[in-house]
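For the record, in the sequence shown the residue sitting at position 6 is -4 according to the working numbering, with numbers rising by one throughout. First up is the structure itself, then whatever we jot down about it.
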Amino acid sequence: GGDGSEYGAGHEEHFDITIYRNTAVVGGPAVETIPMGKMMMAEEGEGGAWLGHNEKARHMLLDDWLRRVEGGGRSPLRKQRETMRMLSQMYEQLARVSTGPK
């Protein structure tokens, strides 16, 4: 339901991949949704001791950093420069808009 207990929008582990195809070129269904979160929960089991995919990803990145993995590990900061620049610009714009004209 709407409380997030059932898999879907709002669920803690909701992670779907939606694929759109040009069926005239590649065939198959025009739209397909793969419920990755649901598949991962089923694979990990319902015992309550599993780590959700978001938490698992954070744990892996932190582990890489703590172990000083050569090259920065799975997500080195040097490869995130453009994303950090874009986020900084978004925050700057939000700050300008929220403070209004001076």
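Even for Gly, the Cβ is constructed at its ideal location relative to N, Cα and C.
Answer yes or no: do residue i and residue j have a C-beta to C-beta separation smaller than 8 Å?
| i | j | result |
| --- | --- | --- |
| glutamate -4 | methionine 31 | no |
| alanine 20 | arginine 11 | yes |
| glycine 61 | leucine 51 | no |
Distance, Cα to Cα, residue i vs residue j?
| i | j | result |
| --- | --- | --- |
| glutamate 82 | glutamate 22 | 38 Å |
| phenylalanine 5 | threonine 89 | 35 Å |
| serine 78 | glutamine 70 | 12 Å |
| isoleucine 7 | proline 25 | 7 Å |
| leucine 66 | arginine 75 | Per the sequence presented here, residue 66 reads as proline, with leucine not at that position. For proline 66 and arginine 75, the distance between alpha carbons rounds to 15 Å. |
| threonine 13 | glycine 27 | 26 Å |
Would DSSP call residue i helix, strand or coil?
| i | result |
| --- | --- |
| valine 15 | helix |
| threonine 22 | First, the amino acid is wrong: residue 22 is glutamate here, not threonine. In this structure, glutamate 22 counts as strand in the three-state DSSP scheme. |
| arginine 58 | coil |
| tyrosine -3 | coil |
| glycine -9 | Here the model assigns glycine -9 a pLDDT of 46, short of 50, so the residue's position is not dependable, and the following value carries that caveat. Coil. |
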